[in-house]
Amino acid sequence: TWDSVPLAPPDSIFKLTATYKSDTFPQKVNLGVGAYRDDDNKPWVLPVVKKVNEILLNDPAVDHEYLPITGLPEYTAAAAKLILGADSPAIKEERVVSVQTISGTGANHLGALFLSRFYQWDGPKQVYLSDPTWINHFAIFRNVGIEPLTYPYYDPKTIGLDYTGFIGSLESATPRSVFLIHACAHNPTGVDPTKDQWKKIADVVLEKKHYVFFDSAYQGFASGDLDNDAWAVRYFVERGVPLLICQSFAKNAGLYGERVGALHVVPPSKDAANRIKSQLSVLQRSEISNPPAYGARLVSLILNDPALFEEWKRDIRTMAGRIIDMRKELHELLTEKFKTPGNWDHIINQIGMFSFTGISTDQSLALTEKAHIYLTTNGRISMAGLNSHNVHYFAENLDKVVRG
Ligand code: PMP
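This note's numbering puts the first residue of the sequence shown at 977, with every later residue one more than the last.
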C-alpha cells in the first residue's frame, strides 16, 4: 500500500528558509525570502491594513456567511479598476470578467484551467513561459494538462532582457499561441521591457493573434506607483490584445497568508464576458465553492475608500522606496567602496522585489557556505532581505566571491 508513491523533493525556496532558520550564525542573511521585510528584517503589517482590520473587527454587520461563488462583488470590481484603470474602456463596455481567487497562485490556476477547457486550441495545449520564470508556473500549467514551453527572456551576457530572442519567439510561434507575460517586476530576474519594447511586443502579439496570460503579482511594488506598474496591462487592453490577468494582493498589501487575488478575463464583447463568467463560476464551484472572505473584505475597504486608498499608496511607497534605496546602497558599495570587478548597473536598473546578480551557481553556494548568506543557486537575491544593518556585510562577501 502506497509503495508506489515516490518521495518528492522539498520545495527549494521553503527548504532554503528552513536551513536559514536553523543556522545560529549571528550575521546570517536570508536573501531567498519572497516577502517584504522592514529595515529590522521583520515582517511588516501595513498601517492601512491595521486600520481596516480594526474597522472590520468592530463592524457589527460582518458575518461569516459564504461569499458568492465568484467572490465579493465590491472587491472584484475595485480590483479590476485597480489593474485596468478606473476609466478603462473595457470596464465601461462591461466586458471584464472578474473572479476572486486564492491569491495569485489561484488566479494562475483558474486562468490555466479555463484556457485548458475553453481556449480554441489549434494544436496541442501549450503555453510559452519566460526563461526563467516563477518556478510554480510549470507545475500550475502541467496540472491542467497544458504543456509549458519557454521563450528567451533573460540574457546572461547583458544581465538584461533578451529582447531579440523574445520578439523572435513571438514571431516564430504558431498563430494564436498562449504567452504568459509578467506584468511588471519580473520574477526572478527583475528585468522588465521598456515602454518602447512593450509597444513592439504588442505589435507582434496582435499580428500573430497570440493570447496573453498576464501575471501581475507586484503592482505598486516595482516603482512605488500603482498606475505606472499597470502600464503594460492597460496598454495591451487599449490595443485590443486578447488577454487575461492574474492579480495578487500578497505583496502590495502584505496579505501573503490571507490569499487575496483575482482573475480578470477581458474578451471583446459583453456577450462573451457573460458566457465566460458562467463557465468560470462552474469551474470555481467544483474547486473551492466560495473564496475566503476576510482578506477580500480588507482589500475592498482600502480600495473603495479614497482616504484609505491614499494611505495604502503611502505604505506601498514605503516598501518600494526602501527596496530602491537598498539597490542604490548595494550598487554604491560594490562600485565605489569595494570596486568589485564587473559592471553592477543592473542592480539599480532591475526593479521589484528580486534582483539577478549575475553570479554563478558556485559563487552563490560559496556565499552560503562561507558567509551564511542564503540565496537560490541561480544568483537571485531578494532585495527585501537587505537592510541598513546587513547590506555592507553582503556587499563585502559578494565582492569576495566575485574575486574568487
Ligand atoms: N506570480 C508570480 C510571478 C509570483 O512571483 C508570485 C509569488 N511569488 C505569484 C504569482 C503568486 O503569489 P501568491 O499566490 O502568494 O499571490
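All residues carry an ideal CB built from backbone N, CA and C; glycine is no exception.
Just so you know, these numbers come straight off a predicted model, no measurement behind them.
### Query
Quick one: what's got a C-beta closer than 8 Å to VAL1378's C-beta in the same chain, skipping five residues either side?
Residues of the same chain with a CB within less than 8 Å of the CB of VAL1378, apart from the 5 flanking positions on each side, are THR1316, PRO1317, GLY1318, ILE1335 and GLN1339 in chain order.
### Task
With a cut-off of 8 Å on the beta carbons, I'd call GLY1196 and VAL1167 a contact; round off their distance for me.
Actually they do not touch by this definition, with Cβ atoms about 18 Å apart.
### TRP1020: CB within 7 Å of a non-hydrogen atom of ligand 1
no
### Task
Give every residue of the same chain whose Cβ lies closer than 8 Å to the Cβ of GLY1445, excluding the five residues on either side of it in the sequence, and list them in chain order.
Examination of residue 1445 is not possible in this model, given that the chain is present from 977 through 1380 alone.
### Task
Would you list, in sequence order, the uninterrupted beta strand (DSSP E) runs of no fewer than 3 residues that lie entirely inside the segment 1035-1106?
1073-1078
### the segment 1307-1314 contacting the segment 1357-1371, beta-carbon criterion three pairs below 8 Å
yes
### Message
Under 8 Å, with one C-beta from each stretch per pair, do the segment 1162-1181 and the segment 1264-1272 reach the 3-pair mark?
### Response
no
### Message
Rounded to the nearest angstrom, what separates GLY1200 and ASP979 at their Cα positions?
### Response
51 Å
### Task
Please look up how many angstroms separate the CB atoms of PRO1108 and ASN1354, rounded, as I've assumed it's under 8 Å.
7 Å
### Message
Please classify HIS1365 as buried or exposed, where buried requires at least 16 other C-beta atoms within 10 Å of its C-beta.
### Response
exposed
### Query
Roughly how many angstroms separate the alpha carbons of SER1331 and HIS1240, rounded to a whole number?
28 Å
#### Entry: Boundaries of the alpha helix (DSSP H) in which GLU1345 is found, first to last residue
GLU1345 -> alpha helix (DSSP H) spans 1337-1347.
### Message
For a minimum of 3 consecutive residues, which ranges assigned as the beta strand (DSSP E) are wholly contained in the segment 1235-1319?
### Response
1236-1242
### Query
Apart from the five residues just before and just after ASN1006, which ones in its own chain have a Cβ nearer than 6 Å to its Cβ?
TYR996, TYR1350 and GLY1361
### Query
When burial is assigned at 16 or more other CB atoms within 10 Å of the CB, is SER1106 buried or exposed?
buried
### Query
What's the C-alpha gap between TYR1127 and SER1192?
18 Å
### Query
Does the beta-carbon of ASP1291 have 16 or more other beta-carbons within 10 angstroms, so that it is buried, or is it exposed?
buried
### Residues bridged to ILE1357 [DSSP beta-bridge criterion]
SER1331
#### Entry: Anticipated Cβ contact below 8 Å, LEU1279 with ALA1054, distance rounded
4 Å
### Message
Excluding the 5 residues flanking SER1145 on each side, which residues of the same chain have their C-beta closer than 7 Å to its C-beta?
### Response
TYR1104, TYR1127 and PRO1128
### Query
Is any heavy atom of ligand 1 found at a distance shorter than 7 Å from the C-beta of SER1358?
no
### Contact test: ASP973 Cβ vs ligand 1 heavy atom, cutoff 7 Å
Outside the shown range of the chain (977 to 1380) lies residue 973, about which nothing can therefore be said.
### Buried versus exposed call for GLY1297 [16 or more other C-beta atoms within 10 Å across all chains shown]
exposed
### Query
Hey, would you say LEU1231 sits closer than 8 Å to VAL1025, going by beta carbons?
Judged by their CB atoms, LEU1231 and VAL1025 are nearer to each other than the 8 Å cut-off.
### Message
If you measure between the beta carbons of ILE1300 and THR1333, is that distance less than 8 Å?
### Response
no
### Query
Given ILE1327, which residues of its chain have a CB within under 7 Å of its CB, disregarding the five upstream and five downstream residues?
ALA1161, GLY1166, ASP1168, ALA1198 and SER1199
### Task
From the DSSP output, in three-state form, read off SER1364 for me.
coil
### Query
Exposed or buried, THR977, counting other C-beta atoms within 10 Å across all chains shown (16 or more means buried)?
With fewer than 16 other Cβ atoms within 10 Å, it is exposed.
### Query
Nearest to TYR1211 by CA position, among ASN1250, VAL1188, ARG1261 and GLY1233, is which residue?
VAL1188
### Query
Any heavy atom of ligand 1 within a distance shorter than 7 Å of the CB on THR1352?
no
### Helix, strand or coil at GLY1010 [DSSP, three-state]
Annotated three-state conformation of GLY1010 is coil, per DSSP.
### Task
List the residues that DSSP assigns as beta-bridge partners of ILE1221.
Per DSSP, PHE1190 and HIS1240.
### Message
On the DSSP bridge list, what partners appear for LEU1125?
### Response
TYR1104
### Message
By DSSP's criteria, THR1024 is part of a beta bridge. Which residues make up the other side?
### Response
In the sequence as presented, Thr is not what sits at residue 1024; that position holds Val. Per DSSP, none; premise fails for VAL1024.
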